[in-house]
Amino acid sequence: MDCRRFRELLPQYLAGDLPEPRFGEMVVHETRCAACHQLAAEQMPADAQSDAPLSRASEAVERESWVRETLRRTTGASCRTIEHLLAAAVDGPLERPLGQLVLEHLVECPRCRELADTLHALPQYFAAWPRLRADAVFTAEVLARTTGPMPGFLETLRAMWRRPGLVWEGALICALLTTPLLGGPLREWTASLQETQSLALPQEQVAEIRTALAGQVTDAQSHLASVTGTRRRSLNDQWIQVRGWVEQTVDRALAPDSFMGSRIALVRTWVDLLFDRVGPTSREPTADPSVTDPALSRDNETHKENLPEGGPHELHQP
Amino acid sequence: MQPDEQLVGRCRDGEARAWERLVRRHQDRILNLAYQFTGNREESRDLAQEIFVHLYRKLDQYDSRRPFRTWFNSLARNLCIDHYRRRRQAPPVVGTPVEEIIGLRSSIESPARRVERRDRRETLMRAMDSLGEVSREAIVLKELQGHNLDEIAAMLGVPIGTVKSRLFRARIELGRAILKLRQAVSIPEGDLGL
C-alpha cells in the first residue's frame, strides 16, 4: 500500500469501518510511514485524543508486535526450515545469513525457541549417557563361546530358539512343503494317534472319575433305597429314559467321520461307568440298589428284556 | 599396535591369541554399542556376546580389502537393529540402575550434580526409547558412538546427504521427546542451569 491509498482510506480507517485485510494493510503502512502516522494522529477525533500519548504508545507497541507476527508468518522462514537449521547447529554455529534467519524466527516463535533450548542442551544429555567397561568375566565368556569346540546340535537349536520368528517361519515352510507329500501317511498317523488317545486318555480319566463320583453314587443309591416302592419305580423309569437318550446321542456322535471321536469316547466311558455303578442293568450286584428291593429287581428284569442282547455296554465298546 | 586386518588374518589361521586380542580391543566399544541400543545392562552383555560369536563365525567372509572396523561395525549394527526390533515388541526397559555400572564420577561429583546427571540420563533413555529405529540408529552412531558422517555412510551404505538428513530429523525427534518428557514433569531446561 502506498501513501496516496492510505490517505484515501484514512477516514474509514479512523472510523473503524475498514474490513480485513485492508485494515491490516493500513496498520502496516502506518507503522512503517511516519508521515502517514502523523496525518492519522492529526485527523483522529478529539474524543479519541484525550489520552492520545498513552494510547498511541500502547497501540504502537501492539501494532508493531502484530506486524512482526504477520511478517514472520508470511515472509519469514517456516518452522520446519528453522528446526532443520537448529538440528544442524548442534554440530557448530551456522553461517551468518542462516544464523540471522534463525535468530529472527526465534524472537517471534516460542515453540521453536523451546526446541532450540533443548537441542542446544543435547550434548550435555549425551554426556550423561553411561559408559560401560567390559570386565574380565565378559572377555572370558566371549572366548569360551568362540574358541571352544564347534557348537553342537543342541546349541544351534538354542540359538534358533532365541529367534522365535525364525523358528515359526521355518515350521510353517516345512509344514507347507511336507503336507502335500505326506498327506496320506500323515492323515493315517493322525488318525492312529487320535485313536490311541481316545483309548489311553479315558483309561486315565476313568480312575479319576471313579474316585470322584464314588461318594455321589453312594448317595444316589441311599436315596433310591430310602424312597417308597412306587416312587422308586417312577425314578427307575425316568433313569432308563435318560439312559436311552444318552446312548443314542453318543452313538450318533461316534460316527467314523466325527472330529470329536476321542472326546465322545471319553464321555461314553463316563456314561458306562455311571451306568455300571447306578444303572438298573449294573453288572456289579453289590452296587445295585435293586438287590435290596425285590420289587425294583423285577422292574429291572423287565427293562433288561427290552434292551439289545449284551446290554448297552457291548454297544459302547470302541 | 598390530592393525585389525592382520589380527583377523592370524585368527583365520587358527591363532587363538590373535582372536583374544581382537576381542579385548573391541569389547568396550561393542558393549557400549549394545547398551546404547538396548538401554539395559544384562541385555547389552548378552547382545555384545552374540555379536562376537557372530563375528567369529563370519570371519571367513571378511574381505581383507575393506577396513575391518567398518565391516565389523556393520555386522554389529545389523545385530543391534535386529535385537532392537524384537525388543520394541515387548515393553521397554527403562530406568536401568546404571550407578553400579559407571560408578566412576560419583566420587568427584557433588550430590546436586549427580542428581542432575541422573535426571538427564533417565530423560535421555526414555526419549531414546520413543525414537524410531532409523532415528535411534543415527543418534547412537553419531552422538553416542562418535562416528563421523563418512564412517556412518560407509557403515549404512547410504550417501552422506541421507545420513545428515536422518541425523537432523533424529535430533529434532529426540529434542521434541525430551521437551515432552520435561513438560510432563514441569521442569524447564533452565532449572538445570543450562
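In order, the protein sequences belong to chains A and B. Using this note's numbering, read the first sequence as starting at -15 and increasing by one per residue. Using this note's numbering, read the second sequence as starting at 4 and increasing by one per residue. In this text, a Cβ means the ideal position worked out from N, Cα and C, and glycines have one as well.
query: Can you name the residues of chain B whose CB is closer than 9 Å to the CB of A71/A?; result: L170, F171, R172, A173, R174, I175, G178
query: Three-state secondary structure (DSSP) at N76/B?; result: helix
query: Any idea what DSSP makes of R28/B, helix, strand or coil?; result: helix
query: Under 8 Å between the Cβ atoms of R169/B and V143/B?; result: no
query: Just the Cα atoms here: how many angstroms apart are A21/B and F75/B?; result: 16 Å
query: Could you pull out every residue in the same chain whose Cβ sits closer than 6 Å to the Cβ of I54/B, ignoring the five residues on either side in sequence?; result: I33, A79, L82
query: To the nearest whole angstrom, what separates the beta carbons of A112/A and R124/B, a pair I think is in contact under 8 Å?; result: 4 Å
query: The alpha helix (DSSP H) with Y109/A in it runs from where to where?; result: 94 to 111
query: Which residue marks the beginning of the alpha helix (DSSP H) containing A18/A, and which one marks its end?; result: 18 to 27
query: Are there three or more Cβ pairs, one per stretch, closer than 8 Å when the segment 94 to 114 of chain A is compared with the segment 172 to 191 of chain B?; result: yes
query: Can the beta-carbon of V26/B be found less than 8 Å from the beta-carbon of L85/A?; result: no
query: Cβ of A118/A less than 8 Å from any chain B Cβ?; result: yes
query: For T15/A, which option in L2/A, M28/A, S49/A has the closest C-alpha, if you only look at C-alpha atoms?; result: S49/A
query: So which residues on chain B does F122/A lean against when the C-beta distance must stay under 8 Å?; result: Q30, L34, R48, A51, Q52
query: With 16 other CB atoms within 10 Å as the buried threshold, where does P114/A fall?; result: buried
query: So with Cβ pairs under 8 Å, would you call E153/A a contact of chain B?; result: no
query: Please give me, in chain order, every unbroken run of the alpha helix (DSSP H) with length at least 4 that falls completely inside the segment 120 to 154 of chain B.; result: 136 to 142
query: Using a threshold of 8 Å, state whether the C-beta atoms of I181/B and A130/B are closer than that.; result: yes
query: Under 7 Å between beta-carbons, which chain B residues line up against L103/A? List them in chain order, please.; result: R174, G178
query: What residues from chain B crowd round L127/A, counting only those whose CB sits closer than 7 Å?; result: E23, V26
query: Please classify E45/B as buried or exposed, where buried requires at least 16 other C-beta atoms within 10 Å of its C-beta.; result: exposed
query: Whose C-alpha, out of A120/A, A72/A, P5/A, E153/A, is nearest the C-alpha of T54/A?; result: P5/A
query: Show which residues of chain B have a CB atom less than 7 Å away from the CB atom of H13/A.; result: Per Cβ cutoff of 7 Å: no residues; H13/A is ~38 Å from chain B at best.
query: Report the rounded CA-to-CA distance for C93/A versus T65/A, giving the unit in angstroms.; result: 13 Å
query: Using 8 Å as the threshold, is the C-beta distance between G17/B and D132/B below it?; result: no
query: Could you check whether the Cβ of E154/B sits closer than 8 Å to any Cβ belonging to chain A?; result: no
query: Using a cut-off of 8 Å between C-beta atoms, extract the partners of L184/B located in chain A.; result: Going along chain A, no residue has its Cβ under 8 Å from L184/B, so there is no contact; the nearest lies around 10 Å.
query: Does any residue of chain A bring its CB to less than 8 Å from the CB of Y87/B?; result: no
query: Drop a sphere of 10 angstroms on the beta-carbon of V188/B, count the other beta-carbons inside from all chains shown, and report buried for 16 or more, exposed for fewer.; result: exposed
query: Do we get a CB-CB distance below 8 Å when we pair T130/A with the residues of chain B?; result: yes
query: Between G83/A and chain B, is any beta-carbon pair separated by less than 8 Å?; result: no
query: Under 8 Å Cβ-Cβ, which residues of chain A neighbour V56/B?; result: V126, R129, T130
query: Identify whether S62/A lies in helix, strand or coil by the three-state DSSP scheme.; result: coil
query: Would V11/A be called buried (16 or more neighbouring beta carbons within 10 Å of its own) or exposed?; result: buried
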